[in-house]
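K.L.:
As you go down the protein sequences, you meet chains A and B in turn.
My numbering puts the first residue of the first sequence at 28, with every later residue one more than the last.
My numbering puts the first residue of the second sequence at 8, with every later residue one more than the last.
Yeah, the Cβ is synthetic: ideal placement off N, Cα and C, and Gly gets one too.
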Amino acid sequence: MKKNTFYLLCGCIAVILLAIFWYSVEIHRPFFVEITFIIGIAVAYLARRRVTDLIDDERSAKITEQAVLRTFQVFLVVVCAFSVGAVMKILYVPQFPKDVDLSHAPEGFTPKMMGYFQLGLLCLMIFLYVGFRIYYARKYGDWETDEE
Amino acid sequence: MPENMGIGRPMKNKIKVFRAMYDMTQEDLAQAIGVTRQTILAIEKGKYVPSLDLAFRISQFFKVNIEEVFTYDSETKTVDDR
Chain A
28 MKKNTFYLLC
38 GCIAVILLAI
48 FWYSVEIHRP
58 FFVEITFIIG
68 IAVAYLARRR
78 VTDLIDDERS
88 AKITEQAVLR
98 TFQVFLVVVC
108 AFSVGAVMKI
118 LYVPQFPKDV
128 DLSHAPEGFT
138 PKMMGYFQLG
148 LLCLMIFLYV
158 GFRIYYARKY
168 GDWETDEE
Chain B
8 MPENMGIGRP
18 MKNKIKVFRA
28 MYDMTQEDLA
38 QAIGVTRQTI
48 LAIEKGKYVP
58 SLDLAFRISQ
68 FFKVNIEEVF
78 TYDSETKTVD
88 DR
């Protein structure tokens with residue numbers, strides 16, 4: 028399989044997954060999109076192994092490694108800081124909770140909102156990863172031009 | 008390998024010279040040793056220091072010792088400096 032065919036296939040998988048996601052929302056069956064997501068990733072993985080003109084060498088592996096490492100470092104700090112703050116707010120800290128009832132969270136901030144915020148942070152992580160990847164690829168010689 | 012991939016370290020190489028000797032392009036060399044052209048370019052420009060494995064593959068490809076392709080100029084202590 029050619030590299031461009033693989034990218035096209037990935038695009039198709041993404042579109043199909045998006046369509047199935049909204050279909051799942053409509054029929055209220057999250058299990059449906061969960062299974063499809065796993066199948067989609069498996070198909071992409073198997074297709075990736077069949078690509079013949081895509082070389083993954085040690086430099087590209089190192090770039091990926093660095094980008095992932097930096098992303099997780101930033102993400103971990105942000106998520107932990109946010110989660111600790113959110114949990115404190117939900118548990119009415121500094122007052123020690125006598126009877127924790129999560130259904131009556133403080134006004135304006137609910138445990139559900141915490142989940143949404145964490146989901147948002149997860150999405151931000153993808154952008155962060157892409158940013159770091161571009162940064163390291165540029166730093167370690169991608170897009171360089173040279174005479175032969 | 009250090010986090011900075013060896014950038015700024017006194018590692019130099021003569022890949023470009025050897026390529027010229029054998030009249031090879033970066034693409035030719037990259038294909039021969041199984042890496043991308045960008046990797047060869049990055050090594051030549053000193054933006055990436057290859058692993059020992061890759062360094063040996065490059066030097067063996069040109070049928071020379073690794074020291075003839077890669078040089079490491081530093082003032083690192085030797086056993087005699089103890």
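Which same chain residues, not among the five before or five after E21 (chain A), have their C-beta less than 8 Å away from its C-beta?
P.N.:
Residue 21 (chain A) falls outside the range modelled here, since chain A spans only 28 to 175, and no answer is possible.
K.L.:
I82 (chain A) and Y167 (chain A): beta carbons closer than 8 Å?
P.N.:
no
K.L.:
Do the CB positions of L61 (chain B) and E85 (chain A) come within less than 8 Å of each other?
P.N.:
yes
K.L.:
Is it true that the stretch 49-57 of chain B meets the stretch 156-170 of chain A, where meeting means three or more beta-carbon pairs spaced less than 8 Å apart?
P.N.:
yes
K.L.:
Using 8 Å as the limit for Cβ to Cβ distance, is G158 (chain A) near chain B?
P.N.:
False, the Cβ-Cβ gap to chain B never drops below 8 Å.
K.L.:
Which chain A residues are close to S58 (chain B), counting only those with a beta carbon under 8 Å from its beta carbon?
P.N.:
The contacting residues are E85.
K.L.:
8 Å is my cut-off, CB to CB: does Q67 (chain B) come that close to chain A?
P.N.:
no
K.L.:
Out of A:Y72, A:M115, A:I161, point me to the one whose CA is closest to Y34 (chain A)'s CA.
P.N.:
A:Y72
K.L.:
With Y50 (chain A) as the anchor, note down where its alpha helix (DSSP H) starts and where it stops.
P.N.:
For Y50 (chain A), the uninterrupted alpha helix (DSSP H) run begins and ends at 30-54, by DSSP.
K.L.:
Secondary structure at K19 (chain B), three-state DSSP: helix, strand or coil?
P.N.:
strand
K.L.:
Compute the beta-carbon to beta-carbon distance between F64 (chain A) and L45 (chain A), rounded to the nearest angstrom, for a pair I have assumed lies under 8 Å.
P.N.:
Not really, about 11 Å apart at Cβ, beyond 8 Å.
K.L.:
When DSSP labels each residue in this structure, what does F77 (chain B) get in the three-state scheme?
P.N.:
DSSP places F77 (chain B) in strand when its eight states are reduced to three.
K.L.:
Would DSSP call G168 (chain A) helix, strand or coil?
P.N.:
coil
K.L.:
State buried or exposed for T43 (chain B), treating a residue as buried only when at least 16 other CB atoms are found within 10 Å of its CB.
P.N.:
buried
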